[in-house]
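Participant: So the sequences go chain by chain: A and B.
When we follow the working numbering, the leftmost residue of the first sequence carries the number 42, and every step to the right adds one.
When we follow the working numbering, the leftmost residue of the second sequence carries the number 42, and every step to the right adds one.
All residues carry an ideal CB built from backbone N, CA and C; glycine is no exception.
A quick note: this is a predicted structure, and the numbers were derived from the prediction, not measured.
Take a look at the following structure, please.
Protein chains: 2
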Amino acid sequence: MSVPAGGVGEVASGDAHLRETCLATEVVEQGQFLQWRRDRVQLPDGRQAVREYVVHPGAVMIVAALPDGRLVMERQFRYPVGRTMIEFPAGKLDPGEGGLACAQRELLEETGYRARRWAQAGVMHPVIGYATEFIEVWLADDLIAGERHLDDGEFLDVFAASEGELSQWFRDGLLTDAKTVVGMMWLQQWRSGAWAPAWVSVADAASGTPASAPE
Amino acid sequence: MSVPAGGVGEVASGDAHLRETCLATEVVEQGQFLQWRRDRVQLPDGRQAVREYVVHPGAVMIVAALPDGRLVMERQFRYPVGRTMIEFPAGKLDPGEGGLACAQRELLEETGYRARRWAQAGVMHPVIGYATEFIEVWLADDLIAGERHLDDGEFLDVFAASEGELSQWFRDGLLTDAKTVVGMMWLQQWRSGAWAPAWVSVADAASGTPASAPE
Numbered sequence: 042m043s044v045p046a047g048g049v050g051e052v053a054s055g056d057a058h059l060r061e062t063c064l065a066t067e068v069v070e071q072g073q074f075l076q077w078r079r080d081r082v083q084l085p086d087g088r089q090a091v092r093e094y095v096v097h098p099g100a101v102m103i104v105a106a107l108p109d110g111r112l113v114m115e116r117q118f119r120y121p122v123g124r125t126m127i128e129f130p131a132g133k134l135d136p137g138e139g140g141l142a143c144a145q146r147e148l149l150e151e152t153g154y155r156a157r158r159w160a161q162a163g164v165m166h167p168v169i170g171y172a173t174e175f176i177e178v179w180l181a182d183d184l185i186a187g188e189r190h191l192d193d194g195e196f197l198d199v200f201a202a203s204e205g206e207l208s209q210w211f212r213d214g215l216l217t218d219a220k221t222v223v224g225m226m227w228l229q230q231w232r233s234g235a236w237a238p239a240w241v242s243v244a245d246a247a248s249g250t251p252a253s254a255p256e
Numbered sequence: 042m043s044v045p046a047g048g049v050g051e052v053a054s055g056d057a058h059l060r061e062t063c064l065a066t067e068v069v070e071q072g073q074f075l076q077w078r079r080d081r082v083q084l085p086d087g088r089q090a091v092r093e094y095v096v097h098p099g100a101v102m103i104v105a106a107l108p109d110g111r112l113v114m115e116r117q118f119r120y121p122v123g124r125t126m127i128e129f130p131a132g133k134l135d136p137g138e139g140g141l142a143c144a145q146r147e148l149l150e151e152t153g154y155r156a157r158r159w160a161q162a163g164v165m166h167p168v169i170g171y172a173t174e175f176i177e178v179w180l181a182d183d184l185i186a187g188e189r190h191l192d193d194g195e196f197l198d199v200f201a202a203s204e205g206e207l208s209q210w211f212r213d214g215l216l217t218d219a220k221t222v223v224g225m226m227w228l229q230q231w232r233s234g235a236w237a238p239a240w241v242s243v244a245d246a247a248s249g250t251p252a253s254a255p256e
């Protein structure tokens, strides 16, 4: 049996026997939003291999809770998978932009909501095989409704859904976006009491009208 | 307030106001494993835009439960994110290969385990912004231990972890792989009784020795 002794000890142990190191790197193609890169790497046994991957600026996702407990969701056509997806609001970091600033900007632009309280849940890596992308997960609470301002050429619906609805859609295969399922897991950790968000109050969100849930 | 009426009705409604259609497609670069493509698309308002994305063959992920309830996990260095990740076993579909056959092959090659019972949980989309990738999630139960046979140049640790350990690592930011969190959500749906897997018995797994959990 080749399975080594495991558990936390194994996870916490060193990873020198697994690491790959960069020998050479090359930009294969500079796209409009993303760069494709090809590196030659040294494997743990000293041999060489090629790693091709997308360089991504990083992103944020927002789990925004309405006063009635429902979440602010989006419905957006995603061309690479050829279908309309149910998602939490998300967007790429602008150069030099912090995660919270990006989360505030994206939530406002795409949904029209501001939030008075924010808390970072964690970071996820959606594409560890071929992209550098990370997504910061932010919780937003105490919402204030306003007007959205979509980017030019951006088309998406905004709607509200309960945690139970999201779980049902997940089980039924209607909700298949991985980042959104990660957001659901954070939501569950929060609401079950297994994890407590470290809320930060955001002063400049205090203007505007109190949030009411969409129908 | 620009938020439209929401809930299931909204989700179930048509998506003609969101859809993009292909006008032209071009292979930008054919990589060793993946292809990068650039399409010109027509937006819902009739204007045009460019979509750049990776063409991926699809993959499977295996949530394999040991007799003591712990899960078969891997620890693998992922070059694009520059770190060692905790993951469920997974791998790309070979040309023409079915999901179950791929799941059986990958679990055996990477961990040495065969399973007598399999059930498909669902499908996820990890990279809806810039890749066609889908990942079928398979549950594997009634395991039989054996020898693993890693691909040439593949380096990974195999270990066992409980559902509680995985949740703790998720909250602590040690488990950030999005596909693995989706697998945890399916595991939770299964073990909570919210969802019942449709198990299929696999005859040719009946040879070998009964599984014992790693330390």
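1. So what does DSSP say about V168(A), is it helix, strand or coil?
2. Need the endpoints of the beta strand (DSSP E) that G205(A) sits in, please.
3. Run through DSSP, which three-state label would G224(B) get?
4. At the 8 angstroms Cβ level, is G139(B) part of the contact set with chain A, yes or no?
5. Does A237(A) have its Cβ less than 8 angstroms from a Cβ in chain B?
6. Would you say F74(B) lies against chain A (beta-carbon separation less than 8 angstroms)?
7. Would you identify the three-state DSSP class for G132(B), choosing helix, strand or coil?
8. Flag this pair as yes or no: are the beta carbons of P167(A) and L148(A) separated by less than 8 angstroms?
9. Just the chain A side, please: which residues come within less than 7 angstroms of G214(B) by C-beta, in chain order?
10. Less than 8 angstroms separating the beta-carbons of R189(A) and E138(A)?
11. Using a 10 Å radius around the Cβ and a threshold of 16 neighbouring Cβ atoms, would you call C63(A) buried or exposed?
12. Is V243(A) near A162(A), with beta carbons less than 8 angstroms apart?
13. Do R146(A) and S203(A) count as a contact pair if the criterion is CB distance below 8 angstroms?
14. May I ask you to report which of helix, strand or coil DSSP gives E115(B)?
15. What does R119(A) touch in chain D if you count any residue whose Cβ is under 8 angstroms from its own?
16. If you follow the beta strand (DSSP E) that Q71(A) is part of, which residue opens it and which one closes it?
17. Considering only residues of the same chain and omitting the five flanking positions on each side of L191(B), which have a CB-CB separation below 8 angstroms?
18. So that I know if they touch, is there some Cβ in chain B lying closer than 8 angstroms to that of G194(A)?
19. Going by DSSP in three states, W179(A) sits in which element: helix, strand or coil?
20. What does a CB cutoff of less than 6 angstroms around M165(B) pick up in its chain, not counting 5 residues either side in sequence?
21. If you draw a straight line from the alpha carbon of A237(A) to that of W227(A), how long is it in whole angstroms?
22. Does the beta carbon of F129(B) come closer than 8 angstroms to any beta carbon on chain A?
23. Tell me the residue span of the beta strand (DSSP E) that contains A144(A).
24. Determine the direct distance from the alpha carbon of R81(B) to that of E195(B), and round the result to whole angstroms.
25. Among Q76(A), M102(A) and A100(A), which has the Cα closest to the Cα of Y94(B)?
26. Would you say L84(A) and E67(A) are within 8 angstroms of each other, going by their C-beta atoms?
Facilitator: Walking through what the data contain:
1. To locate residue 168(A), count along the first sequence from 1; it is residue 127. Coil at V168(A), not helix or strand.
2. The residue you call residue 205(A) lines up with position 164 of the first sequence. Counting along the chain, G205(A) falls outside any beta strand (DSSP E), though it belongs to the alpha helix (DSSP H) covering E204 to R212.
3. To locate residue 224(B), count along the second sequence from 1; it is residue 183. Here G224(B) sits in helix by DSSP.
4. Locating residue 139(B) in the second sequence gives position 98, counting from the first residue. So no, G139(B) is outside the interface.
5. For this step, residue 237(A) is matched to residue 196 along the first sequence. Cβ-Cβ to chain B under 8 angstroms: no for A237(A).
6. In the second sequence, residue 74(B) corresponds to position 33, counting from 1. Chain A contact via Cβ: present.
7. Here residue 132(B) is taken as the residue at index 91 of the second sequence, counted from 1. Strand.
8. One-based indexing of the first sequence puts residue 167(A) at position 126. One-based indexing of the first sequence puts residue 148(A) at position 107. Contact: no.
9. Numbered from 1 along the second sequence, position 173 holds the residue referred to as residue 214(B). The answer, in chain order, is G163 and V164.
10. By one-based count along the first sequence, residue 189(A) stands at place 148. By one-based count along the first sequence, residue 138(A) stands at place 97. A distance of 8 angstroms or more separates the beta carbons of R189(A) and E138(A).
11. To locate residue 63(A), count along the first sequence from 1; it is residue 22. It counts as exposed.
12. Within the first sequence, the letter at position 202 stands for residue 243(A). Within the first sequence, the letter at position 121 stands for residue 162(A). Against a cut-off of 8 angstroms, the Cβ pair of A162(A) and V243(A) comes out as no contact.
13. Taking the first residue of the first sequence as 1, we reach residue 203(A) at position 162. Taking the first residue of the first sequence as 1, we reach residue 146(A) at position 105. No, the Cβ-Cβ distance between S203(A) and R146(A) is not below 8 angstroms.
14. Along the second sequence, read from residue 1 onward, the residue named residue 115(B) stands at position 74. Strand at E115(B).
15. In the structure shown, chain D does not exist; the protein chains are A and B.
16. Your numbering for residue 71(A) matches position 30 in the first sequence. First-last of the beta strand (DSSP E) with Q71(A): T62 to Q71.
17. Along the second sequence, read from residue 1 onward, the residue named residue 191(B) stands at position 150. Cβ neighbours of L191(B) beyond the five flanking positions: E150, E151 and L197.
18. Start at 1 with the first residue of the first sequence, and residue 194(A) comes out as number 153. Output row for G194(A): interface = yes.
19. Locating residue 179(A) in the first sequence gives position 138, counting from the first residue. W179(A) falls in the strand class under three-state DSSP.
20. Here residue 165(B) refers to the residue found at position 124 when the second sequence is read from its first residue. Only I176 and V223 meet the Cβ criterion.
21. Reading the first sequence from its first residue, position 196 is the one you call residue 237(A). Reading the first sequence from its first residue, position 186 is the one you call residue 227(A). One C-alpha to the other measures close to 10 angstroms.
22. Against the second sequence, residue 129(B) aligns to sequence position 88. No - not a single Cβ of chain A is within 8 angstroms of the one on F129(B).
23. Position 103 of the first sequence, counting from 1, holds the residue named residue 144(A). Here A144(A) belongs to no beta strand (DSSP E); instead the alpha helix (DSSP H) covers G140 to T152.
24. Along the second sequence, one-based indexing puts residue 195(B) at 154. Along the second sequence, one-based indexing puts residue 81(B) at 40. Approximately 37 angstroms, taken between the alpha carbons.
25. Taking the first residue of the second sequence as position 1, residue 94(B) is located at position 53. When only C-alpha atoms are compared, the closest one is Q76(A).
26. The sequence position of residue 84(A) within the first sequence is 43, counting from 1. The sequence position of residue 67(A) within the first sequence is 26, counting from 1. Contact: no.
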